[in-house]
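What follows is one structure encoded as structure tokens, with my remarks underneath.
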Amino acid sequence: MQKQLMISNIFLLIAALLVWQLKNVSCEITTSLKSDGIILNKRLLNAPGECVGNLTRRNHPSVGPLGCYIRNSSFTTDTLNGLANLNFSDTYQDQDGNLMDPGLCIIHCADYFFTFAALTNGNQCKCGNKTGLDAYTKLTNDSSVNQTCNIKCVGNTSYICGGENGYTVYNALTSISSYIAPTIDINQKLEIIHNINKNVRYKGCYKDSLYCNQRLLNGTSEDVAGMTVESCLAYCWQKNYTYGGLEIGSQCFCDNEYDSLTRLSIDECSSSCEGNNSEICGGPLALSIYNASNYGLVNNGNSPVNNDNNKGSSNLNIGGIVGGIIGVIVVISVLIFLAVRIYRQRSQGSKEISQDPPT
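Residue numbers (mature numbering (1 follows the signal peptide of the UniProt record, and there is no 0)): -27 to -1, 1 to 332.
What follows is the structure in structure tokens.
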């Protein structure tokens, strides 16, 4: 009975060691498949509630405009020329001329730290700093306002976007409650934008579609707080997509192809990534597109690692797993050998005792 109990305990110990070792091997395999441990929850942006009719979700001002303004002829200098002072086009206008609305203008101006966003002629946007309205006069007569700021926005006819000589002005920093201002300054933002081409994965800034299920990258997508370039590329790579595109600071889109003819100027991808302000995550209806096809060969999300080195790393992972399995086999073999040896010694001792003559 004692011999059976001893052997049973030995095999219980073997089983415990086997489970412990295989658990470690399993954890190693799981970790190696997590792509730097980044696991992101998928949420389709085109799910019910994300579209209004056949249009994608747009940003809307949470407060009304400051008013309708006209240019004061006594000023020779236009004070709503903030974009020109950054060496960008003085008037912001989307590529096709059919997307402009207050949200598009407000976020574009806010991304560049301007205080005021002014819409004019139904499809144009101008930005100004704290003195941006110095050269403008606010109209207070309702009749004058209706006659001057009377053109509906081409991107959303529910709003007025100024007139031929009128400007519908919003406070760019407070008019959209969901907007998260970056923590960097304008000089840092411009340096990041002008150096973005140094990232070998970066493909450019591209215009996105305002229609549901017709996004430029329409494979899969997600919208999460704390978005970074790396987390988006990891997400797309895990889903086996070639390209990852970021939009308006928190949105990530994936696909295997895109229309390269929709490329925009670099200033239209203006939004800092919510999870890392030192990176650019597209802009309003503008995608920063990156190659995500070999994200597993990336070091810090910026530069491809030498393939041979990566293969070596993969070999090390596989070697570690194989080594763990071999270790299990060795431990089991040793314990079985010891169990058999002890069993034989005990059996031999029992035989010797049974053969001794009685005294």
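Each residue gets a CB set at the ideal place from its N, CA and C atoms; glycine is no exception.
| Asked | Found |
| --- | --- |
| What did DSSP end up calling S131 once you bin it into helix, strand or coil? | strand |
| Out of D69, Y65, E203 and G40, which one is the CA nearest neighbour of G248? | E203 |
| By Cβ distance, which residues of its chain are closer than 7 Å to T121, with the 5 residues on each side in sequence left out? | C41, I43, L112, G136, N138 and G139 |
| Please tell me whether I221 and S251 are closer than 9 Å, where the distance is taken between their beta carbons. | no |
| Decide if G255 is buried, meaning its Cβ has at least 16 other Cβ atoms within 10 Å, or exposed. | buried |
| So does the stretch 216 to 234 actually touch the stretch 160 to 167, counting three or more Cβ pairs closer than 8 Å? | no |
| Assuming S261 contacts C178 under a Cβ cut-off of 8 Å, what Cβ separation, rounded to an integer in Å, is found between them? | 6 Å |
| Please find out if some non-hydrogen atom of the ligand NAD comes closer than 8 Å to the beta-carbon of E203. | The model on display carries no ligand, and the ligand NAD is accordingly not part of it. |
| Determine the closest residue to I239 out of K176, F48, F86 and T52, with distance taken between C-alpha atoms. | K176 |
| Locate the beta strand (DSSP E) running through N58, then write down its first and last residues. | Looking at the DSSP string, N58 is not in any beta strand (DSSP E); the run it does join, the alpha helix (DSSP H), is G55 to N58. |
| Would you list the residues sitting across from C126 in a DSSP beta bridge? | N129 |
| Which residues in the same chain as T110 place their Cβ atom closer than 7 Å to its Cβ, once the five residues preceding and following it in sequence are excluded? | Y42, I43 and N45 |
| Between Y263, C246 and N264, which lies nearest to D196 when the distance is taken from Cα to Cα? | C246 |
| In terms of residue numbering, what span does the beta strand (DSSP E) encompassing L219 cover? | Y216 to E220 |
| If you draw a straight line from the C-alpha of D115 to the C-alpha of N32, how long is it? | 27 Å |
| At 4 residues or longer, and completely inside the stretch 70 to 120: list those alpha helix (DSSP H) runs for me, N to C. | 75 to 84 |
| With respect to the alpha helix (DSSP H) encompassing K171, which residues constitute its N-terminal and C-terminal limits? | Where K171 is concerned, there is no enclosing alpha helix (DSSP H), given that its DSSP letter is neither H nor E. |
| Please classify L234 as buried or exposed, where buried requires at least 16 neighbouring CB atoms within 10 angstroms. | exposed |
| Excluding the 5 residues flanking P155 on each side, which residues of the same chain have their C-beta closer than 6 Å to its C-beta? | S245 and N250 |
| Here's the rule: buried if 16 or more other CB atoms are within 10 angstroms of the residue's CB, otherwise exposed. What is S150? | exposed |
| Helix, strand or coil, according to DSSP, for E137 in the structure here? | coil |
| For the candidate residues Y263, T88, N186 and K99, whose alpha-carbon lies nearest to that of C78? | K99 |
| Along the chain, where does the alpha helix (DSSP H) that runs through S46 open and close? | Where S46 is concerned, there is no enclosing alpha helix (DSSP H), given that its DSSP letter is neither H nor E. |
| Taking the C-alpha atoms as reference points, what is the distance between I124 and L39? | 17 Å |
| Once DSSP output is grouped into helix, strand and coil, what is the label at S244? | coil |
| Using the Cβ count rule (16 or more neighbours within 10 Å means buried), how would you classify F48? | exposed |
| Helix, strand or coil: which one does DSSP assign to Y42? | strand |
| Assign V142 to one of two classes, buried (16 or more other C-beta atoms within 10 Å of its C-beta) or exposed (fewer than that). | buried |
| Can you name, in chain order, every residue of its own chain whose Cβ lies under 6 Å from the Cβ of K212, other than the five neighbours on each side? | T193 and C227 |
| If you run the structure through DSSP and keep just helix, strand and coil, what is S182? | coil |
| Going by DSSP in three states, A207 sits in which element: helix, strand or coil? | helix |
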